[in-house]
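Number of protein chains: 2
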Amino acid sequence: MNTKLNTEAFLNDFSISCSCVQKKYFTKNQVITTYIQKRNQICILLSGEADLVRYDLNGGRSIIEHFVPNSIFGECFYNVTVNNELSVEAKRNCEVLIFSYDNIFKKCKESCKFHNTLSENLLKMLTNKVIDLNTRIEVVTQRTTREKILGYLSILSTKNNSKNVTIPFSLTDFADFLSVDRSAMMREIKNLKDEGIISKEGNKFTFLQ
Amino acid sequence: MNTKLNTEAFLNDFSISCSCVQKKYFTKNQVITTYIQKRNQICILLSGEADLVRYDLNGGRSIIEHFVPNSIFGECFYNVTVNNELSVEAKRNCEVLIFSYDNIFKKCKESCKFHNTLSENLLKMLTNKVIDLNTRIEVVTQRTTREKILGYLSILSTKNNSKNVTIPFSLTDFADFLSVDRSAMMREIKNLKDEGIISKEGNKFTFLQ
DNA sequence: ATATTTCAGTTGCAAATACAACGAACTAGC
DNA sequence: GCTAGTTCGTTGTATTTGCAACTGAAATAT
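Chains as they are written, first to last, in our numbering: chain A, 907 to 1115; chain B, 907 to 1115.
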């Protein structure tokens, strides 16, 4: 898997030839979309970085997913419930393609190149999303804060084939991503440093030995 | 979403006309597949019930996913690492279709009906899987054992549109699914009962008002 | 029919984690 | 360069959770 997506060509075709898609721009901290009501919306992040964030009723905050270019998201992948509020927040300036799930199967009159390759590309994007979500579950199902931290860092380390990993979060957001209290996470990072397992400078971590 | 899949017809076509797929049968407690080595395998559960289970190095056990008919799984959706062992275990007798990810795009000579509808069906199956995984993340990212229990039960309750929910697990497995200690879970269930929030009989829970 | 294993339900205790709070360091805007 | 708002790093304390252990009930195997 991890098939390289030829999204640039694919998506340019889309925006040129197909009327059922919108390309939108968002600035840092803007809300790209919310998962409050069902509308079968699909979004594809073309550039930038964004997080799917949940605010609990008691003010707690969790980062559910972290999106990078080629990530696919939208409330159509979610069971929308009233229990909590989900929104996708731009972490930097973002370009986003937005269309409806129904458009996937409705081929447009001109039978544009986009629609011809859409299914295959979507399949690959969705497969990658499933892999990402499974990786996410791998981390948050770890029982202890220590295992969550090490689990996430070692996945990054394997991915980049390097003992050095830079988390794409502030430490505050990292705690929200791991679903743990920030001070508890900091304490555990301190323990890992004291035990000589990792070192840390800002949000760059290094596995020692 | 939640489009009803016409999988019976779809999958019968597959098994009749296409040589690139295998249909296999498993009895209760048999291992259907493992996620130890990369081989781009896709499985579709036709009947029965199965769990994706992780055994940690220190003997801990987590139920990562719970599969029902039409669930799609396989190591092709997973970043296989050496850190832990993942396997899919049949909870009852199971019928499973097994084929390779690569076969999706290689149309067979006869251009069987299966290959004609495969992409669309896979898209729907994958979309459903993404929804399932997001639901899973919704539960395990809850911060406390109480919120995990209530979160899972209320999702089931909403889904079935009933105050009564029956979990598809033993209580021991339920704890592994929520990624919490069994005794801690039992204690919290007791608290919820004492506080009059839920009642419980076996693995059937009821929300009280 | 009986033995063996698994599961449910508890509990005491130790360990991990959340909560609250604070000052220092850093960032962004004016 | 100053100010306001975040983020980082830390700590004391209360609460939650995990661990270990055990009993009786239920399920499964012999």
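Glycine residues also receive a C-beta, built at the ideal position from the N, C-alpha and C atoms.
- Look at B/C926 here: in three-state DSSP terms it is coil, with no helix or strand label.
- Close CB contacts of A/F973 within its chain, under the 8 Å cut and outside five residues either way in sequence, are with L951, E955, A956, D957, L958, F979, V994 (chain order).
- Excluding the 5 residues flanking it on each side, B/L1062 has same chain C-beta neighbours closer than 6 Å at V1071, in chain order.
- The three-state secondary structure of B/Y1058, taken from DSSP, is helix.
- Counting along the chain, B/R960 sits inside the beta strand (DSSP E) bounded by residues 956-961.
- By the Cβ-count criterion, A/L1114 is exposed, with fewer than 16 other Cβ atoms from all chains shown falling within 10 Å of its own Cβ.
- Here the alpha carbons of B/N1034 and A/F983 stand approximately 8 Å from one another.
- Proximity of A/N985 to chain B, defined by a Cβ-Cβ separation below 9 Å, is satisfied.
- When only Cα atoms are considered, A/E1101 and A/E1044 end up about 24 Å apart.
- Cβ-Cβ separation between A/M1091 and A/F1075: approximately 11 Å, too far for a contact (criterion under 8 Å).
- In this structure, DSSP gives A/S977 a state outside helix and strand, which the three-state scheme calls coil.
- With contacts defined by Cβ atoms closer than 9 Å, B/I1037 and A/N946 do not form a contacting pair.
- Looking from the CA of B/N999, the closest CA among B/F1083, B/I1104, B/Q936 belongs to B/Q936.
- A Cβ-Cβ contact shorter than 9 Å links B/L1029 with A/I1010.
- Within chain B, G966, S1085 have C-beta atoms less than 7 Å from the C-beta of A/R1049, given in sequence order.
- Around the Cβ of A/G965, a 10 Å sphere holds fewer than 16 other Cβ atoms; the residue is exposed.
- Between A/S968 and B/T1050, the C-beta gap is not smaller than 9 Å, which leaves the two residues out of contact.
- Closest in alpha carbon position to B/E1001, among B/T933, B/L1098, B/N1097, B/I1103, is B/T933.
- Annotated three-state conformation of B/V1045 is helix, per DSSP.
- Close to chain A, meaning a Cβ-Cβ distance shorter than 8 Å, are the following residues of the region 1028-1047 of chain B: L1028, L1029, L1032, T1033, K1035, V1036, I1037, L1039, N1040, T1041, R1042, I1043, E1044, V1046, T1047.
- Taking B/L1098 as reference, the option from B/N990, B/K1054, B/N1040, B/K929 with the minimal CA-CA separation is B/K1054.
- Taking CB atoms only, B/Y961 has no neighbour in chain A less than 9 Å away.
- In this structure, B/I948 is the residue among B/R1042, B/L1084, B/I948, B/Y961 with its C-alpha nearest to the C-alpha of B/Q928.
- Secondary structure of B/N964 (DSSP, three-state): coil.
- Nearest in C-alpha terms to A/L1003, of all of A/P975, A/S1085, A/R1088, is A/P975.
- Contact of B/K930 with chain A is not assigned, every C-beta pair being separated by 9 Å or more.
- Judged by their CB atoms, A/L1039 and B/L1039 are nearer to each other than the 9 Å cut-off.
- Counting the other CB atoms within 10 Å of its CB gives B/S1085 a total of 16 or more, which places it among the buried residues.
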